[in-house]
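In terms of mature numbering (1 follows the signal peptide of the UniProt record, and there is no 0), the sequence shown is residues -16 to -1, 1 to 669.
Just so it is clear, CB atoms sit at the ideal spot from N, CA and C, and this is done for glycine as well.
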Amino acid sequence: MNRILATLYFVRSAWSVEALAATPVLFRGPPALAFSSATASLQRTTGIPSNRKWRLRLRSASRWTNAMAPLTATPSAGIDAANANADSNANGTCCTDEEGVRALLGAQDFDRIDGLVRERSLARWQGNYTGADDLKERILGDPGIPGGHEVFLRDLPRREGGGARWSLVPTVGQQARDEEFRSGTKILQLAHAALGLAVEDNQRPRTPWRNRPRTESLEALVDKARARLEVLLEETRTLEQAEAAPDVEVSKKQTTLRTELGGRTAADAALWFALAGTKDARLFRGLADAASWELDRFGQRPSCKSKNVYQILERFSAAGLLGHDRLEAVARRCLRSKQAGGGGFAGETEGALVPAASPNLHSDRSLLLIWKFATKQKKQQAFLRSVRKEWEDYHREEGSHNATETETEESSRASGAASNRPDEGPSSYEWETMFRDATRPLVVDVGCGMGVSLLGLASTPGRQNGEERESARLLLGGDARWSDCNFVGVDLGALGIGYGRGIAHRWDLEGELAFAIDSAEDFCRKLGSYPGEVRCCMIQFPTPFRLQNKDGGNSQLPASQLDGFMVTEKLLETIHSSLHPTRGRLLLQSNCEDVAVWMRNLACRTVGFESIDDDNKDDDRSDGLSKQQRTPQRTLDWMAMGGERAEGRGWFQRNILHRKGATETEATCAINGTPIHRCLLKRKE
């Protein structure tokens, strides 16, 4: 009967403190024997197998029985010994601001709550988590807690006998927010909707009518996100400045900010807003503030690896954040602690791709992240489809931007006009409106993609280093500097153009850097009206055509050099006529050897360009970007077909552009160890 009663008591109390303390008395026998008997009885009566979870519970409970052996001989003495043991084991528990908390609570309330916290710490150490949760509810709901305050608990793991820190903090956070705010659209959801809007815009014909509501919709999403973010940041500032709880542990309290933007969520939201073309710099600074708070909370934990810190930095880098003192300081402190404690810093090659603890768009890792979206890798393509659906759902629920009859009619006419030439750009460009000084030399990136290369060139300082001077000498000629030029990028992809425009606005490059959505041939035809010199045109890593091998090539690529490939004889002729007769340069780059060979041969043999030999072959300024480690399969197939090699005179084995001018594809090739084929051309004399 005693065994049955003990078994039922175990089940009902879920290994509570009282049950485990009383069990040896009920069994009237040695603790280990009593415990095994109870276990056997329970398995016989319930039929539950002794699985792993069950064994873990038994193991934690067995520590109880071994610790309470004195109870079998003298129950009262055993209980006294257990109480003494509990007091000694709970010495790791204390209040972090005892004087201030006593002033708020009073002696009686303080002693009661402190005793409950100690009891909870002991229960957790002994494996009685159900009992510990019950005690936590009693602590948080204690009637002695003054209004406007709550108890903040922080457990100390792996401390002998258990341990915890507790204090009183101002009542802020999710429980202080009204229901409307808590049920509102979260910031990450708004970021997804913004990116979904950009994806939808990228996949539909460009018309002047559609551009207006698209801009208004994006601005509405950004305004809503910024307003919500300010509420969360204000809550965090309140915690930071609270005089009632000066201990730093208060910053780790569960807040609305942690609930909504926990972990790297703020960094993810920043990247999605940037890809959507957001121009509001205040939103990105606010998200960086939130990320720095979160990183300060969890960044030095053993579970946080150095690569997790770098993932936050790389997303803000790819979002175009120029700098953030607090985020950089927190990241540097976290990485230093990982390095000192062996937290995976040296062995994590993925995290080692970013050498500094500061956001940098042109770091290898952030460029690799941009490349994945620019080339629509499988994972990123699925994500872009999901965010487009999220935008459609959000738009439907909000009921915003309902088209009037007039707008619908205009849309129909615009769509009809676009059906003939869906990619038609403006008939001409107002260069004086696009640039502050339209007489400066112009650098053109044809097929600019995400605009990363132009962003780096346009932001190159006037005081150039050796690498920057060398690239300017090769592409601009003489003593020209990148800071003396205007820059324009053209592409048919609205998503990439929007991304570039957003960062250019936040970097204050408007008036020197512009982007256009237009076809390559149409845009280059309009270059003749530019008031200044067209000093340099760049065609970097165009989407390659199919390699016509025995397998027929990749069916998703342009069919051949003459069917769907961007670089045509007509395009090269237009560029040839637009470039300055003596100082003009054409840069061709590709990671496909057959594509690079075909472009150069077409330009030199048909159009009227000639190659420029590398006059400094011994100068290694590659910065690691052109060091070949392996030969791609496409190049092996090209060699097997007897194709012409991109070797010898007229081919550059080093970088032509300096580090900040590298594209996302160039950085990815460096990481993957694949070669890049470059040549620099000028008009024949």
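Neighbourhood of residue i by C-beta, 8 angstroms cutoff - its chain only, sequence neighbours within 5 removed
{"i": "L279", "result": "V293, I296, L311, V314, A315 and C318"}
{"i": "R420", "result": "G495 and E496"}
DSSP-derived helix/strand/coil call for residue i
{"i": "L459", "result": "helix"}
{"i": "residue 682", "result": "Given a span of -16 to 669 for the chain in the structure shown, any question on residue 682 remains unanswerable."}
{"i": "D273", "result": "helix"}
{"i": "V183", "result": "helix"}
{"i": "F499", "result": "strand"}
{"i": "D429", "result": "strand"}
{"i": "S412", "result": "coil"}
{"i": "H564", "result": "coil"}
{"i": "H489", "result": "helix"}
{"i": "A580", "result": "helix"}
{"i": "A24", "result": "Since pLDDT at A24 reaches only 42, below the 50 mark, its modelled position is unreliable, and no value is offered."}
{"i": "H133", "result": "strand"}
{"i": "D98", "result": "helix"}
{"i": "G548", "result": "strand"}
{"i": "D309", "result": "helix"}
{"i": "D348", "result": "helix"}
{"i": "E628", "result": "coil"}
{"i": "A646", "result": "coil"}
{"i": "D621", "result": "helix"}
{"i": "D93", "result": "helix"}
{"i": "D126", "result": "coil"}
Close beta carbons around residue i, own chain, < 7 angstroms, minus the five adjacent residues each side
{"i": "E103", "result": "L119"}
{"i": "I354", "result": "A302, M434, V436 and E648"}
{"i": "A107", "result": "V1, G115, A116 and L119"}
{"i": "E594", "result": "C588, L665, K666 and K668"}
Paired residues, beta bridge with residue i - DSSP
{"i": "R667", "result": "F593"}
{"i": "I655", "result": "Its beta-bridge partners do not exist; DSSP assigns none."}
{"i": "C79", "result": "W150"}
{"i": "D139", "result": "A148"}
{"i": "I523", "result": "V430 and L572"}
{"i": "N470", "result": "L426"}
{"i": "V518", "result": "L426"}
{"i": "R662", "result": "Q573 and F636"}
{"i": "F419", "result": "G495"}
{"i": "D475", "result": "I501"}
Rounded distance between the beta-carbons of residue j and residue i, thought under 8 angstroms
{"i": "T649", "j": "F471", "result": "That pair is no contact at about 18 angstroms."}
{"i": "R455", "j": "L570", "result": "Just to set this straight, residue 455 is Ser in the shown sequence, not Arg. So it is not a contact: roughly 15 angstroms between Cβ atoms."}
{"i": "A258", "j": "I487", "result": "7 angstroms"}
{"i": "A178", "j": "A254", "result": "About 11 angstroms separates the two Cβ atoms, so there is no contact after all."}
{"i": "H564", "j": "G592", "result": "Their Cβ separation, rounded to whole angstroms, is 14 angstroms, which puts H564 and G592 out of contact at 8 angstroms."}
{"i": "T558", "j": "R509", "result": "6 angstroms"}
{"i": "L439", "j": "G477", "result": "Going by Cβ atoms, the distance from L439 to G477 rounds to 16 angstroms, so no, they are not a contact pair."}
Sequence-distant residues of its chain with Cβ nearer than 6 angstroms to residue i (five each side left out)
{"i": "G482", "result": "A182 and G261"}
{"i": "L511", "result": "V518 and S562"}
{"i": "L152", "result": "V85, L88 and H133"}
{"i": "A175", "result": "A253, W256 and F257"}
{"i": "S342", "result": "E312"}
{"i": "Q159", "result": "Any reading at Q159 is ruled out, since the residue's pLDDT is 49, under 50, leaving its predicted position unreliable."}
{"i": "L245", "result": "A274"}
{"i": "A630", "result": "E577, A580, V581 and H661"}
{"i": "L556", "result": "A587 and V591"}
CA nearest to the CA of residue i, picked from the options
{"i": "P445", "options": "L493, D139, L89 and I559", "result": "L493"}
{"i": "F268", "options": "R242, S287, T240 and R299", "result": "R299"}
{"i": "N186", "options": "G480, L572, P542 and S513", "result": "G480"}
{"i": "R589", "options": "R420, K666, M418 and I523", "result": "K666"}
{"i": "S167", "options": "A464, T240, W109 and F367", "result": "T240"}
{"i": "T80", "options": "D98, D597, I123 and L541", "result": "D98"}
{"i": "R285", "options": "D468, G247, D547 and H308", "result": "G247"}
{"i": "S574", "options": "V135, M550 and G450", "result": "M550"}
{"i": "Q173", "options": "L137, E200, A250 and R138", "result": "A250"}
{"i": "T243", "options": "I171, W109 and R584", "result": "I171"}
{"i": "W150", "options": "I129, F165, P425 and E144", "result": "I129"}
{"i": "G270", "options": "A324, K289 and V215", "result": "V215"}
{"i": "G632", "options": "D599, F357 and D429", "result": "D599"}
{"i": "G147", "options": "G440, L100 and D207", "result": "L100"}
{"i": "H308", "options": "A324, Q323 and W277", "result": "W277"}
{"i": "F499", "options": "F507, D506, E505 and G473", "result": "G473"}
{"i": "A211", "options": "E200, R122 and D264", "result": "D264"}
{"i": "W622", "options": "D126, P425, F529 and S350", "result": "F529"}
Min CB distance residue i to chain C below 8 angstroms
{"i": "H489", "result": "This model lacks chain C altogether, as it is built from one protein chain only."}
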